[in-house]
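Some notes on the structure that comes next.
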Amino acid sequence: MQDHDKMTVLGIETSCDETGVAIYHSQKGLLADVLYSQVALHAEYGGVVPELASRDHIRKTLPLIRQALAEAGLAAEDIDGVAYTAGPGLMGALLVGASIGRSLAFGWSVPAVAVHHMEGHLLAPMLEAEPPEFPFIALLVSGGHTMLVQVDGIGQYRVLGESLDDAAGEAFDKTAKMLELGYPGGPALARLAEQGDPHRYRFPRPMTDRPGLDFSFSGLKTFTLNTLQASNKSEQTRADIARAFEEAVVDTLAIKCRRALKETGLSRLVIAGGVSANSRLRQRLHDVARKQQARVYYPRLEFCTDNGAMIAFAGTQRLLAGQHQDLAFGGKPRWKLETLSPV
Ligand code: KG4
Ligand code: ZN
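If you read the sequence shown in the numbering used here, its first letter stands for residue 405, the second for the next number, and so on.
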């Protein structure tokens with residue numbers, strides 16, 4: 405292994421329905437970032453089909469690695485370490501990235517490191533020009549997770565609250581499906597909500613009337629379904645419902661973020677994961693932060709959703725600290741963020 409603080413790391417993300425590959429240099433930053441989204445493949449089924457996802461990752465990962473090396477103008481010998489997403493996610497999909505990543509590292513005689521997907525998301529804003537300093541509060545909102553985390557350093561995570569049922573992105577996707585907006589529905593629902601009247605409906609803000617930082621979105625989903633079924637289902641009504649739903653999710657997340665900032669006394673708020681691409685959420689969290697004399701950080705749009713860059717970045721930090729895996733590899737479909745070791 406190359407020593408000290410200079411490393412070029414290949415990152416591989418295959419936990420769900422995007423194959424992401426990137427190359428990160430510890431001093432020069434991101435050298436290459438390529439992505440293949442399987443959205444079209446799963447769209448006709450209305451959701452991710454795990455077996456199809458695994459097969460597609462098998463087809464795409466190696467060609468994307470070649471493409472990333474070419475984009476960076478590098479050869480395999482220039483890679484000093486390999487980072488792959490080991491979990492959480494779909495087991496078959498994870499095993500593709502893990503086995504390719506681990507095999508390449510073995511063949512190239514460089515270390516490999518297993519990266520936690522949510523650590524990738526929460527560190528993604530550090531790829532930007534003005535990265536947040538530690539400590540900060542992170543709101544992680546993706547298709548599979550909704551969490552508020554106190555981040556004291558890399559690998560030092562205290563989960564302050566999380567969803568007891570559906571994740572925020574999952575609620576967006578299921579509601580979008582009800583509104584016949586296809587898959588994945590988050591961005592389509594946000595677009596439809598633009599046309600909606602914010603005053604026509606008011607949906608509940610789940611679990612905001614009691615203390616604590618946990619979330620629950622499944623009741624809101626049912627409330628939305630009942631409202632839709634009792635309505636005339638016109639185009640305008642559907643837009644009004646989309647707007648009321650988005651408003652309720654954004655408001656709920658904002659209330660909990662305000663609480664987390666107040667309770668911890670911290671002044672930096674990071675938002676990451678697919679739903680952090682939502683512009684209404686970003687706007688609302690800016691307002692919350694301003695009132696608390698805090699600042700909001702988020703990744704550029706393409707790094708909100710799954711990507712290889714965040715995995716390459718997180719992996720680089722761990723490899724620089726001398727952390728890596730032995731020859732054994734595997735997927736960890738359920739992997740608790742709090743169990744990660746500090747860097
Ligand atoms: O982080 P991500 O790419 O994958 C997971 O790790 O789950 O997040 C995907 C989720 C999906 O549920 C998608 O609908 C949601 O992020 N999403 C959005 C928006 N863009 C993506 N939800 C609301 N508004 C958006 N603009
Ligand atoms: Zn993700």
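We treat Cβ as the ideally placed atom computed from N, Cα and C, and that holds for glycine.
Quick one: what's PHE627 bridged to in DSSP? PHE627 pairs with nothing; no bridge assigned.
Could you tell me whether the Cβ atoms of ALA597 and GLU650 are closer together than 7 angstroms? yes
Return the Cβ separation of VAL519 and ILE483 in integer angstroms, given the expectation that the two are a contact with Cβ distance under 8 angstroms. Contact flag wrong, Cβ pair sits at about 16 angstroms.
For PHE540, the first and last residue of its enclosing beta strand (DSSP E): 540 to 545
Assuming GLY424 and ASP710 form a contact by the criterion Cβ under 8 angstroms, report the distance between their Cβ atoms to the nearest whole angstrom. 6 angstroms
Going along the chain, which residues of its own chain have a beta-carbon closer than 7 angstroms to the beta-carbon of GLY493, five neighbours each way excluded? SER419, CYS420, HIS521 and PRO737
With C-beta atoms as the reference, is ARG647 less than 7 angstroms away from GLY600? yes
Less than 7 angstroms separating the beta-carbons of VAL413 and GLY485? yes
Check whether the stretch 661 to 676 and the stretch 690 to 697 are in contact - that is, three or more C-beta pairs closer than 8 angstroms. yes
Between the CA atoms of SER635 and LYS676 - distance to the nearest angstrom: Going by the sequence as given, residue 676 is Ala instead of Lys. Going from the Cα of ALA676 to the Cα of SER635 covers about 34 angstroms.
Rounded straight-line distance, which links the Cα of HIS446 to that of MET405: A caution first: MET405 carries a pLDDT of 46, below 50, which makes its placement in the model too unreliable to give a value.
According to DSSP, simplified to helix, strand and coil, what is ARG699? strand
Where the beta strand (DSSP E) through GLU417 begins and ends: 412 to 417
On a Cα-Cα basis, can you pick out the residue from GLN633, LEU673, ARG688 and THR628 that is closest to THR656? ARG688
Alpha carbon to alpha carbon, what distance is there between THR626 and PRO602? 19 angstroms
Whole angstroms are fine: how far does the CA of GLY678 sit from the CA of SER622? 19 angstroms
Who does THR489 pair with in a DSSP beta bridge? VAL519
Closer than 6 angstroms by C-beta to LEU629: which residues in its own chain qualify, once you throw out the five before and the five after it? Chain order, please. MET582
Test: ASP655 CB closer than 7 angstroms to a CB of chain B: Structure shown: chain B not included; a single protein chain is present.
On the criterion of 16 or more Cβ atoms from any shown chain inside 10 Å, does VAL443 qualify as buried, or is it exposed? exposed
Going by the beta-carbon positions, is the gap between ALA542 and LEU526 smaller than 7 angstroms? yes
Could you check which residue in GLN471, GLN431 and ASP460 has the C-alpha nearest to that of ASP409? GLN431
Can you tell me whether DSSP reads PHE733 as helix, strand or coil? coil
Spatial neighbours of PHE619 in its chain, beta-carbon cut-off 6 angstroms, leaving aside the 5 residues before and after: THR550 and SER567
Which parts of the stretch 434 to 497 are runs of the alpha helix (DSSP H), unbroken and 4 residues or longer, counting only runs that do not cross its ends? 443 to 447 and 454 to 476
Nonlocal neighbours in the same chain, by C-beta distance under 6 angstroms from SER441, ignoring five residues either side: GLU422
Please name the residue, chosen from TYR605, GLY501 and GLN560, that lies closest to LEU468 on a Cα-to-Cα basis. GLY501
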